[in-house]
Structures are given as C-alpha cells and as structure tokens.
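Undergrad:
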Amino acid sequence: MRRPSPQRLIGGMHASFNLAALFDAALKTAATATGLDAADFAPEVRTADPKHGDFQANGVLPYAKRTKQTPRALAEKLVAALPADVREACAITVAGPGFINFTLQPAALQSWLRTFSTREQLSAGAATAYSGQTWVVDYSSPNTAKQMHVGHLRSAVIGESISRLLAFSGAKVIRDNHIGDWGTQFGKLIWAYKRQLDTAAFAEDPLAEFERLYKVGNNASDADPAVLKEAQQELVKLQSGDPENTAIWKEIGEVSVSSFQQIYDLLGVRFDTTLGESFYNDKVGRVYQELTDCGLASESQGALVVFHPEHPRFKDQPFLVRKSDGAANYASTDLATILYRREHFHADAAIYVIDSRQGDHCQQLFLTAQKWFEKTGRKVPRLEHVAFGTVLGEDGRPLKTRNGDNIKLKDLLSEAVERARRLVDEKSTDLPEDERRVISEVVGTGSVQYADLSQNRSSDYLFSWDKMISLEGNTAAYLLYAVARVRSIFRKLEAVPGDSAVEADASPLETPEELSLARKVTKFSDAVALATNQLRPHFLCLYLYELAGEFSTFYAANKVAVDDPAVRARRLMLCARTLLMLETGLDLLGLRTVNRM
RNA sequence: GCAGCUGUAGCUCAACUGGAUAGAGCGUCGCACUACGGAUGCGAAGGUUUGGGGUUCGACUCCCUACAGCUGCACCA
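Letter by letter, the first sequence follows residues 1 to 597 in the working numbering.
#1: What number of angstroms, rounded off, separates the C-alpha of leucine 493 from the C-alpha of alanine 561?
#2: First and last residue of the beta strand (DSSP E) that includes glutamine 56?
#3: Between the Cα of serine 390 and those of His152, Gln69 and Ala39, spot the shortest distance and give me the residue it belongs to.
#4: Count the other CB atoms, across all protein chains shown, that sit within 10 Å of the CB of aspartate 224; report buried if there are 16 or more and exposed otherwise.
#5: Residue ranges of each alpha helix (DSSP H) run of no fewer than 4 residues wholly in the segment 396–444, ordered along the chain?
#6: Under 8 Å, with one C-beta from each stretch per pair, do the segment 407–415 and the segment 180–190 reach the 3-pair mark?
#7: Quick one: Cα of arginine 164 to Cα of isoleucine 158, how far?
#8: Could you give the first and the last residue of the continuous beta strand (DSSP E) run that contains tyrosine 352?
#9: Could you tell me how far apart the beta carbons of proline 50 and arginine 519 are, in whole angstroms, since I believe they sit closer than 8 Å?
#10: In whole angstroms, what separates the C-alpha of proline 142 from that of glutamate 254?
#11: Report the residue from Val173, Leu480 and Gly295 whose alpha carbon sits nearest the alpha carbon of phenylalanine 271.
#12: Pick helix, strand or coil for isoleucine 179, following the three-state DSSP scheme.
#13: On the three-state DSSP scale, how would you describe lysine 379?
#14: Check whether the Cβ atoms of leucine 542 and leucine 462 sit closer than 8 Å, and answer yes or no.
#15: If you run the structure through DSSP and keep just helix, strand and coil, what is phenylalanine 99?
#16: Could you please give the first and the last residue of the uninterrupted beta strand (DSSP E) stretch that includes phenylalanine 319?
#17: Quick check on the burial criterion: 16 or more other C-beta atoms within 10 angstroms. Buried or exposed for aspartate 293?
#18: For arginine 66, is the classification buried or exposed, using 16 other Cβ atoms within 10 angstroms of its Cβ as the cut-off for buried?
#19: Roughly how many angstroms separate the alpha carbons of leucine 104 and alanine 26, rounded to a whole number?
#20: If you follow the beta strand (DSSP E) that glutamate 299 is part of, which residue opens it and which one closes it?
#21: Residue range of the beta strand (DSSP E) that alanine 303 falls in?
#22: Thinking just about the alpha-carbon of each residue, which of Tyr481, Ser447 and Ile100 is nearest to the one in leucine 266?
#23: Using a Cβ-Cβ cutoff of less than 8 Å, which residues in the same chain neighbour arginine 419 once the five nearest sequence positions on both sides are dropped?
#24: Closer than 7 Å by C-beta to threonine 274: which residues in its own chain qualify, once you throw out the five before and the five after it? Chain order, please.
#25: Our contact map puts valine 137 next to isoleucine 162 with C-beta atoms below 8 Å; I'd like the distance itself, whole angstroms only.
#26: The beta strand (DSSP E) with aspartate 138 in it runs from where to where?
#27: Just grab the DSSP bridge partners of valine 391 for me.
#28: Would you kindly check if the distance between the Cβ of tyrosine 340 and the Cβ of histidine 385 is under 8 Å?
#29: Can you find the residues in the same chain that come closer than 7 Å, C-beta to C-beta, to asparagine 329, ignoring five residues on each side of it along the sequence?
#30: Return the first residue and the last residue of the alpha helix (DSSP H) that threonine 34 is part of.
#31: Touching or not, the segment 88–97 and the segment 36–50, by the rule of three or more beta carbon pairs under 8 Å?
#32: Output needed for valine 483: all residues of its chain with C-beta closer than 8 Å, excluding positions within five of it in sequence on either side, in chain order.
#33: Let's see if you can read the secondary structure: which residues bound the beta strand (DSSP E) around arginine 46?
#34: Excluding the five sequence neighbours on either side, which residues of its own chain have a C-beta within less than 6 Å of the C-beta of serine 454, listed in chain order?
#35: What residue does the alpha helix (DSSP H) around proline 71 start on, and which one ends it?
This is the structure:
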C-alpha cells in the first residue's frame, strides 16, 4: 500500500484549511483507537506559542484527571496512535505536564501554501463552518432626523466586519439596519417643520436642519403647554395616517437614509434591508396578544409588562412591552422584530451590535422572546448582544467637541482623511494628485475603522488622533504599508501574485524567516475562525498585524529579487500568500487597500 | 440601594474564555542598513496582572471579599 505523503495529507483535503481542526479530529480518532471515551475527550487543539510549535493540544490534562491517569503517559499513547500521515507531516512531542505539540514540517507548510492560493480557495475552506445557517445582524440602526455622531461609529464598523466574517464562514447573512424612524419625537419635529423650516439651511444640510427643528419643537413644548398639546396632535395625526404629516415623515426618512448612505459608503457598510421601527408598527398587536395569551405579560399600573420571577433582578424590574397610554415602545417593536426575523428570514441567529449600556434591555428582550417562542412551539433563534464600550476622548470622558456637542461622524471621518492627506503629501511627494486623494481616503477612514476594530470591543476605548494615524504599531497604516510593499515587489519584478507557472519552480523553504512567515500564513484560517466564533474582529486584527510584522522581518533579511530562479520563486510565493491573507483579512474587516502609498 | 461592565509595564492595548517563562506598540536607551519602498529591521530596560483570601496539576481568566472608575434600573428610543 502506498503511504500518503505529507503533501497529500495537508494539500489534498479541503478540511485541512483549518489545521487546528484537522489535528483535533486526528486526536479524536486516535482516542477512539486507544479505547478512550471519545465523547468525553475534547482535544482542545489551538495555535501555540511558536517556541513550542505550531499547534498544541491541551485536552489531555483534564481528561487524564477525570479518568485518574498519568497525563504524560496518556499523551504518549495518543501520539503513537495518530495516523502515520499526520506523524509524517509534523514533528509531534509531548511536553510539560502533558501538552501535545505539533510542528509542521517545511514540506507540509509549503504544501499548504500551494493549496490555498486564491481568495476562492480560502473562502471554500472557511465556508464549511457556518453553511446552512441564517444570521441576522442588527447594526448601525441610527435614528432618523438626526445626524450620525461618533457614538454611531462602533456599531457600524463592528457590525459590518462581523457580517463579512460570518458570510465568509459560510452563513447566509441578513444585514438589517433597524433605524429609529417612529416615536414621539416626530410630533415636535412636525410641529416645528410646519412653522419654522429654513429652506436655505435645508438645502445645505437637511439633516442638520431637522435636528435644529426638533430642538425648536422640543424647547417650545417645554416652555408652553399649549405647544406641547399641538405637538401631540401632530403625532396623533401622523399615527392615524394624515396625508400631510405622513408626507413630511416620509421625507424625513428618505432624507435621513440617503444621508446615512454617504457615511456607509465611506465605511464600506452595506445593508440588505432597512426595516425601521415603523415597519413593525402594525405587527405589535399580535405580540401583545400572544404574550398575554401564553401568560407571560400582565397589566401593571396600566402598562403591559413582563416579569421574570426566576431572575434576581428582572423579577422586580419589569420589561415594559406596552405603555399605559396603549402606545408601543421599543420593547414592543423589538419583540415583533424577532418574530419577523424568525418567520420571514428563518433566522437561526439574530445578533445585536449595540452599546453595552443596553445590556439590561437586551437581556430582558431575549429572555422574553425565548419563553414566548418556547410556549408557542417556535424554534428559538440564538440571540446575542454583541456589546461594545464607549468611545472616550483623551480626558477619559465620552468623546465630545470642545463645547460639549457630539462629534459628527461626517466631521470625524473628514478630519481623518485630512490628517492622512497631510501625511501622504509629506511622504509620497512623487505620486499624482488624484492618487494621493484616494490614498488619503483609504488610509484616513481605514485608520478610524481599524482603531475601533483592533481593540477588544467589550471595553471603552480611548480615541487618539496621534495614535490612530501615527502609522506605527498595530495600525491600519502599518498593514496598508505592508500591502503596498508586497505589491511593489511584484511591480518591480514584473510578476503577478500567485502565478502558478512561476511558483512551480519554487525550491523548499529554508531560511528561518521564510519558515516563520510561512507558519504565520497558515494560521489565517485559525484567526478567522476565532474572530467569527467569538464575534470579535480584534483577533483577526492582531493576526494581520503579526503577519505584517513577520513579513517585514522576512523582507529585511531575505531579498526576493535574487538571481537563483528557484529561491526567487519560493519567496515570490511567500509574498503572494502574505498579500492574499492581508488583503482578504483587511476586506473582512471592511477596509480597502492601495497599490502605493 | 440593586445589578452589570471595567481595573494588566510610565501611556495605549493583547493574552484564543483555565494552559507552558503575561506579550505588543508608543515613550526611554542602544544598534543595523545609500534600501526588491525608511511609513523599516534588531536589541535592552520596564510587571506582586488594584489589594486580600480561596478553588487545582495549572489562575490575568473561576469563586469570596475590599477598593476604584464607568454604566443601567416603569412608560424616551
């Protein structure tokens, strides 16, 4: 019988896109062969510190403990039972108290590089993880009639990246912009719109004018009860379908959405649907009915509320699903939304990329929906609050302008582009004007996105212009620069990245820098899986940063443009794969790249 | 008052949710190279992971406790 070569093992199987998963499965098999209780044994293979190897299995220790065995002896037994092809593809050692370390042989590394040479191949490899699942991602979700400010940045940026990651991993993703286009504020706004619309200001910046009008209406209502009454009348008229008020409301919505779109275009944000609160206006009646029928909701102080007796806090803190005046609130529409997402989109999961301050609301919402669906025999989708912290200024307080206003997202992004422009003008004097403009946009907005994404989303983060655009350390510019440098090599050598005719001549990887870079490249799959499973893009950022670092080290030590065609070919292959992972990864984060900068 | 989140090097952040000697960048100090793009690379110093207990082969991670900061708690979304 012909023994499979390492090349066949690593290169031949699509499942081996994720090598950690491959070794995990191999250990599972070995466990069964050795007579272990495979159901109880989780190998826990993950990427390792390079000084130990490429991957490490941690699962032997807890299993050995449960079954009262010696961890090291058990580990040795498992290693011996691994298939010959796995043992041929890597050096395997048992270390410390009972870790199993896998270090890929150079030939196996090279084989992986040959197999995964295009975005399509990466995508095919990754897409097995979430195939068949439908995920609704609820993100951005600003209110109409208001300009987006810095507080809206994180949801848009993080939500977009998570959507891309899920889609790349094979999920069917519905990106839903759940805009706040319904509510009591429209009474005051319409009242002021009818009396004090400044057409010149409206033509200049309609959203700013709406925002001003709302303040006018709000102040007037506060000052004069008669005005408040009139505003409430306007709201009632809107809700009962009055043609004039409906037309105004529609205009507000349309103007708002097209203004949001300008920002989304800059950030690479794209929605599949924009179903705002108004869409669910006629769907809340069913929610009240069902919740009451199944005994979850009851009247309290005139309002319809849900308590959760088993919960330490929500046994007393009500979830208010209908106000005492009979009107819906955001709990009502959020519940109707979950139902719609299940019935219409057949969502297996719905995730909410919202500020962590909404934690209580989300918990109550999810608990209520879960019980409601169980009682009515519906499948409960996975519901998750993808929470994130606040953007802080350098004083540690929420980021504001000098006079205490919210910073407009539009202004923030244009300042980022301006700052990037100053840098481009300084560093890249030889590039033509229109190219410099594009580079400034990509670097400027990319820096804002990356600064947000590269940090663990659950904590607040400090916004610092200098750190963000300073181009050193874990920043967008460092990664974009690495991309530009790789591209420059191909330009100079008049080669095309991933040219298989060239790569066929490659000799085996040899230098420490080549091997180290190749090892990092193969970890791409793991980084994507980690970021996707945890819904935390910063894991991917960290990986890309380390990859760019490995490349820079390689680049400084190993010249690509050498005379020996076999050496040149293998280094070109490394450059091509580095480029592929950087570009694919940056795209998954929602960033664009440039050829030169 | 109740609850949630956070506390890691001078500063800004990681640490794959219990794994091996807690890692980066900035700043500081030192080094390399007329470079296939210097928006570079290599190195040094810098830590009682807020304090105190506990759980176990193993704890930044889990539990208890104290302290500090942020946030949320009935009709705004």
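Quick reminder that beta carbons are idealized off the backbone N, C-alpha and C, glycines included.
Quantities reported herein were computed from a predicted structural model and do not represent experimental measurements.
TA: Inspection of the coordinates gives the following:
#1: Reading the first sequence from its first residue, position 493 is the one you call residue 493. Reading the first sequence from its first residue, position 561 is the one you call residue 561. Whole-angstrom Cα-Cα distance: 7 Å.
#2: Working through the first sequence from its first residue, we reach residue 56 at position 56. Counted as a single uninterrupted DSSP element, the beta strand (DSSP E) harbouring glutamine 56 occupies residues 55–57.
#3: By one-based count along the first sequence, residue 390 stands at place 390. What sits at residue 390 in the sequence shown is threonine, not serine. With respect to the C-alpha of threonine 390, the residue from His152, Gln69 and Ala39 having the closest C-alpha is His152.
#4: Along the first sequence, one-based indexing puts residue 224 at 224. Around the beta-carbon of aspartate 224, fewer than 16 other beta-carbon atoms lie within 10 Å, marking it exposed.
#5: For the segment 396–444, whole alpha helix (DSSP H) runs of length 4 or above, ordered along the chain, are 409–427.
#6: Here the segment 407–415 makes no contact with the segment 180–190; the two share fewer than three CB pairs at distances below 8 Å.
#7: Within the first sequence, numbered from 1, the residue matching residue 164 stands at position 164. Within the first sequence, numbered from 1, the residue matching residue 158 stands at position 158. Across the structure, arginine 164 and isoleucine 158 are spaced so that their CA atoms are roughly 10 Å apart.
#8: The residue given as residue 352 occupies position 352 in the first sequence. Note, tyrosine 352: beta strand (DSSP E), 349–355.
#9: What you label residue 50 is simply residue 50 of the first sequence in a count that begins at 1. What you label residue 519 is simply residue 519 of the first sequence in a count that begins at 1. Between proline 50 and arginine 519 the beta-carbon gap is near 7 Å, inside 8 Å, which marks them as a contact.
#10: Sequence index remark: in the first sequence, residue 142 carries index 142 (1-based). Sequence index remark: in the first sequence, residue 254 carries index 254 (1-based). Straight-line Cα distance between these residues: approximately 13 Å.
#11: For the purposes of this step, residue 271 is taken as the residue at position 271 of the first sequence. When the alpha-carbon of phenylalanine 271 is set against those of Val173, Leu480 and Gly295, the nearest one is in Val173.
#12: In the first sequence, counting from the first residue as 1, residue 179 sits at position 179. Residue state, collapsed to three classes: coil.
#13: As a first step, residue 379 must be located in the first sequence, where it is residue number 379. Correct three-state label for lysine 379: coil.
#14: Residue mapping note: residue 542 aligns to position 542 of the first sequence, counting from 1. Residue mapping note: residue 462 aligns to position 462 of the first sequence, counting from 1. Contact: no.
#15: As a working mapping, residue 99 is identified with position 99 in the first sequence. Residue state for phenylalanine 99 is assigned as strand, using DSSP reduced to three classes.
#16: As a first step, residue 319 must be located in the first sequence, where it is residue number 319. Run containing phenylalanine 319: 319–322, per the beta strand (DSSP E) assignment.
#17: Here the question's residue 293 lines up with position 293 in the first sequence. Looking at its Cβ environment, which holds fewer than 16 other Cβ atoms inside 10 Å, aspartate 293 is exposed.
#18: What you label residue 66 is simply residue 66 of the first sequence in a count that begins at 1. The residue is exposed, with fewer than 16 neighbouring Cβ atoms inside 10 Å.
#19: Along the first sequence, one-based indexing puts residue 104 at 104. Along the first sequence, one-based indexing puts residue 26 at 26. Cα to Cα, leucine 104 sits roughly 15 Å from alanine 26.
#20: Counted from its first residue, the first sequence places residue 299 at position 299. Glutamate 299 -> beta strand (DSSP E) spans 297–300.
#21: For the purposes of this step, residue 303 is taken as residue 303 along the first sequence, with counting starting at 1. Alanine 303 -> beta strand (DSSP E) spans 303–306.
#22: As a first step, residue 266 is located in the first sequence; it is residue number 266 there, counting from the start. Looking only at Tyr481, Ser447 and Ile100, the smallest Cα-Cα distance to leucine 266 is reached by Ser447.
#23: For this step, residue 419 is matched to residue 419 along the first sequence. Closer than 8 Å at Cβ, skipping near neighbours: Gly444, Trp465 and Ile469.
#24: Within the first sequence, numbered from 1, the residue matching residue 274 stands at position 274. Asn177, Ile179 and Val257, listed in sequence order.
#25: For the purposes of this step, residue 137 is identified with residue 137 of the first sequence, where counting begins at 1. For the purposes of this step, residue 162 is identified with residue 162 of the first sequence, where counting begins at 1. Right, their Cβ atoms sit about 6 Å apart.
#26: Along the first sequence, one-based indexing puts residue 138 at 138. Here the beta strand (DSSP E) through aspartate 138 covers 134–138.
#27: Here residue 391 is taken as the residue at index 391 of the first sequence, counted from 1. Answer is Tyr461.
#28: The residue labelled residue 385 in the question sits at position 385 within the first sequence. The residue labelled residue 340 in the question sits at position 340 within the first sequence. Between histidine 385 and tyrosine 340, the C-beta gap is not smaller than 8 Å, which leaves the two residues out of contact.
#29: If you number the first sequence from 1, residue 329 lands on position 329. Correct list, in chain order: Leu320 and Lys323.
#30: Residue numbering aside, residue 34 sits at position 34 when the first sequence is read from its first letter. No alpha helix (DSSP H) contains threonine 34, which DSSP labels as neither H nor E.
#31: The segment 88–97 is not in contact with the segment 36–50.
#32: Taking the first residue of the first sequence as 1, we reach residue 483 at position 483. These residues qualify, in order along the chain: Leu579, Leu582, Glu583, Leu586, Thr593 and Val594.
#33: By 1-based counting over the first sequence, the position of residue 46 is 46. Here the beta strand (DSSP E) through arginine 46 covers 45–47.
#34: By one-based count along the first sequence, residue 454 stands at place 454. The beta carbon of serine 454 sits closer than 6 Å to those of Asn474, His538 and Cys541, all from its chain and outside the five residues before and after it, given in chain order.
#35: Residue mapping note: residue 71 aligns to position 71 of the first sequence, counting from 1. First-last of the alpha helix (DSSP H) with proline 71: 71–80.
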